[in-house]
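In the numbering used here, the protein residues as written are 2 to 201.
Here is the structure we will look at, set down as structure tokens.
Encoded structure:
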């Protein structure tokens, strides 16, 4: 109930003032990529001199800021995600767009119930990390790495992996120490792993 009041209060404010805020336009977004309970969100607006992007996640957690942002939900479920685009230099410039999202549980399985098991070692890693994928059938897999702002920093695989176990080695360059999200897509299914880079 508290979450609903929080979201509705923001929407009430925006709807009440919609006739005033006509200078800014959302041209794209919010666009969502799912990584288990974590979502990576991006959007684009036009019309602002000093643009600010705000995301209301639809739960009781603080809002996200920045054109690219990410958020981890406590539980899977349906949430109202709102993107707010405004101008720091002109508060009369404001636009918003809300969509209903369904946050899935963590895991990946194809339609026949055949699972892909994934391990990443060592983790944390300081030089290179080995990502092992095990499946009992060949699968088309896309493997990406994101930072916690939702920015993609690497594409490790985009193609067929054969049945059995495959290993992909990643030796990053030019990135900072910290936590990253390893995302593996197979069809409409997604799994995510948290990996920690400790630096060289």
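Think of the CB as a built atom: it goes at the ideal place given N, C-alpha and C, for glycine as much as any other residue.
Leaving out the 5 sequence neighbours to the left and right, which residues in its chain are closer than 7 Å to residue i when beta-carbon positions are compared?
i, result
"residue 36", "182, 184, 191, 193"
"residue 90", "50, 51"
"residue 152", "69"
"residue 21", "Below a pLDDT of 50, predicted positions are generally treated as unreliable, and residue 21, at 43, falls in that range; the measurement from the model is reported next regardless. Closer than 7 Å at Cβ, skipping near neighbours: 93."
"residue 169", "132, 144, 157, 158"
Keeping to the same chain, check which residues put their C-beta closer than 8 Å to that of residue i; ignore five residues upstream and five downstream.
i, result
"residue 54", "44, 46, 66, 67, 68, 70, 84, 85, 86"
"residue 166", "133, 134, 135"
"residue 28", "45, 46, 47"
"residue 1", "Outside the displayed range of the chain (2 to 201) lies residue 1, so it cannot be described from this structure."
"residue 101", "79, 80, 81, 82"
Among the options, which one has its Cα closest to the Cα of residue i?
i, options, result
"residue 177", "147, 169, 100, 131", "147"
"residue 39", "61, 72, 64", "72"
"residue 159", "150, 141, 153, 33", "141"
"residue 125", "196, 175, 143", "196"
"residue 130", "31, 174, 41, 75", "174"
"residue 128", "88, 171, 162", "171"
Using DSSP with H/G/I as helix, E/B as strand and the rest coil, what is residue i?
i, result
"residue 173", "coil"
"residue 94", "strand"
"residue 47", "strand"
"residue 149", "coil"
"residue 57", "strand"
"residue 99", "strand"
"residue 178", "coil"
"residue 188", "coil"
"residue 78", "strand"
"residue 133", "strand"
"residue 200", "coil"
"residue 26", "strand"
Within a Cβ cutoff of 6 Å, which residues of the same chain sit near residue i, ignoring the five residues on either side of it in sequence?
i, result
"residue 120", "133"
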